[in-house]
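If you count the sequence shown from 1, position 323 lands on 309 in our numbering, and the numbers rise without skipping.
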Amino acid sequence: MSKPESDRKVELSDSIGGTVTILRTGPVSWTVRQRNYGEEHDNNQNPTWLRVHNPGAALKVTIRLIWAESRWMGLRTVGYMERNGSFRAITGQIDTVATTYQFEVPAGDSYFGAFPWYTNEDADRMMQKAHRQSTMCSSRVIGVTAEGRDIRCLTIERPGGARKKENVTVFGRFHATEPSGSFAVDGAAELLLSPRVPEPLFERYAFHLVPVANPDGTENGLKLTKSGPIDEHDLVPGGLSSNDPTIKAIRDEIMSLKPAVFISHHCYLMHTLWLGVFDNALGIKMLDLLVDQDEKGSVSWTVRFTGPEKATLRHYCHTHFNSTAVFTELPWQGRLPKEIKKLAADIFLAAMIAHDEE
-13 MSKPESDRKV ELSDSIGGTV TILRTGPVSW TVRQRNYGEE HDNNQNPTWL RVHNPGAALK
47 VTIRLIWAES RWMGLRTVGY MERNGSFRAI TGQIDTVATT YQFEVPAGDS YFGAFPWYTN
107 EDADRMMQKA HRQSTMCSSR VIGVTAEGRD IRCLTIERPG GARKKENVTV FGRFHATEPS
167 GSFAVDGAAE LLLSPRVPEP LFERYAFHLV PVANPDGTEN GLKLTKSGPI DEHDLVPGGL
227 SSNDPTIKAI RDEIMSLKPA VFISHHCYLM HTLWLGVFDN ALGIKMLDLL VDQDEKGSVS
287 WTVRFTGPEK ATLRHYCHTH FNSTAVFTEL PWQGRLPKEI KKLAADIFLA AMIAHDEE
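Written as structure tokens, this is what we have:
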């Protein structure tokens, strides 16, 4: 017979480290408060990824998550639980500053949070899996972060074809607190290693995928590469000017590759899928290819026809390399990682088709 809940020591801990404070309010209930990082980091998408250790039989727990930023509470109803790589969405009850979740946890370890978290180790596992799947895959370190972590790139290229192939780049985690970007890069990799890819693409292009462009931010649960000024530690506004080792490594890689297609995946707090482009015709073509593709049944997309950006790598690629530049926001809002991967695969194919038709 299992012990009563009052006698069982179910433990809750922060798996990222330093991102939340945890207060036990009962045998199987807690209040969790997100850390506020200050205005440099924006606090709408702060991560929470909690390890739940249950030494006994399955039972129901209650977690009240107090958000660092309490605007737009209507977008903060869904949380996520992960067990052995399988995710499920959990709907909570919102108040003015927090969301309360009640859900059953199985015996052993599981994870719960505001949205699925993707670690540096997950990126390593993705690359190892790709290497096992295909001899087309190679990986390399394109730079080292300020804290000494490798920035890794997976290249998928078929031997033969054009003598000098054009390069396609796909990045995730310019902002490390937006992990759907990493799952999106995984989706592009899975697509490229599947029969869905038209053969002519491998004749003309080499594909370079970076699932975690900001390993330090990912390890520390920070949006930027480290705490400090945005222009120095944010891969978007600091892309062309920053001396941060991470940003410089990404910039040097892009300048070397001169990509024909540049894709960067993000995940801000919003409801609608979001597609950003600098070329109006590209946006319309991609939208035509993407509409009705979302497995959640939503046909709602926001397309932003972005004007000139002074400091971003994506705009530099557009103006200096004539790149097809695409940047996304892939919000969670109940979507599971497998759905983010499918969306990213659809976006990838749409970008390639639109590029080839220019």
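Ideal placement from N, C-alpha and C gives every residue a C-beta, glycine not left out. Fair warning: this is a prediction, and the values are worked out from it, not measured in the lab.
Next on the checklist: Please return the same chain residues whose Cβ sits closer than 6 Å to the Cβ of residue 319, not counting the five positions on each side in sequence.
Outcome noted: Answer for residue 319: 257, listed in chain order.
Item to check | Between the CA atoms of residue 197 and residue 260 - distance to the nearest angstrom | outcome: In a straight line, the C-alpha of residue 260 is about 19 Å away from that of residue 197.
Checklist entry - Which residues does DSSP pair with residue 153 in a beta bridge? => result The beta-bridge partner set that DSSP reports for residue 153 consists of 192.
Checklist entry - Is DSSP giving residue 292 helix, strand or coil here? => result Residue state, collapsed to three classes: coil.
Checklist entry - Between 152, 108, 291, 268, which lies nearest to residue 307 when the distance is taken from Cα to Cα? => result Ranking 152, 108, 291, 268 by Cα distance to residue 307 puts 152 first.
Next on the checklist: What does the alpha-carbon distance come out to for the pair residue 332 and residue 187?
Outcome noted: Roughly 15 Å separates the two Cα atoms.
Checklist entry - Can at least three beta-carbon pairs, one atom from the stretch 153 to 172 and one from the stretch 205 to 219, be found at a separation below 8 Å? => result Three or more Cβ pairs drawn from the stretch 153 to 172 and the stretch 205 to 219 lie within less than 8 Å of each other, which places the two stretches in contact.
Next on the checklist: Measuring only the C-alpha atoms, how far is residue 199 from residue 169?
Outcome noted: Taking the straight line from one Cα to the other gives about 13 Å.
Checklist entry - Grouping DSSP H, G and I as helix and E and B as strand, with all else coil, what is residue 321? => result Coil, per DSSP.
Item to check | Those residues which DSSP pairs with residue 8 across a bridge | outcome: In the DSSP output, where bridge partners are listed per residue, residue 8 has 18.
Checklist entry - According to the Cβ coordinates, are residue 96 and residue 40 closer than 9 Å? => result Going by C-beta atoms, residue 96 is nearer than 9 Å to residue 40.
Next on the checklist: I need the straight-line Cα distance from residue -8 to residue 46, nearest angstrom please.
Outcome noted: Residue confidence is low: residue -8 scores 48 on pLDDT, short of 50, so the model does not pin down where it sits. No coordinate-derived value is stated.
Checklist entry - Taking the DSSP output, what are the residues bridged to residue 87? => result Note: residue 87 is bridge-paired with 49 in the DSSP secondary-structure output.
Checklist entry - CA-CA distance, residue 4 and residue 69? => result Linking residue 4 to residue 69 through their CA atoms gives a straight-line distance of about 22 Å.
Next on the checklist: Buried or exposed, going by whether 16 or more other CB atoms sit within 10 Å of the CB of residue 0?
Outcome noted: Burial call: buried.
Item to check | Which listed residue (51, 220, 105, 213) has its alpha carbon closest to that of residue 85 | outcome: For the residues 51, 220, 105, 213, the minimum Cα distance to residue 85 belongs to 51.
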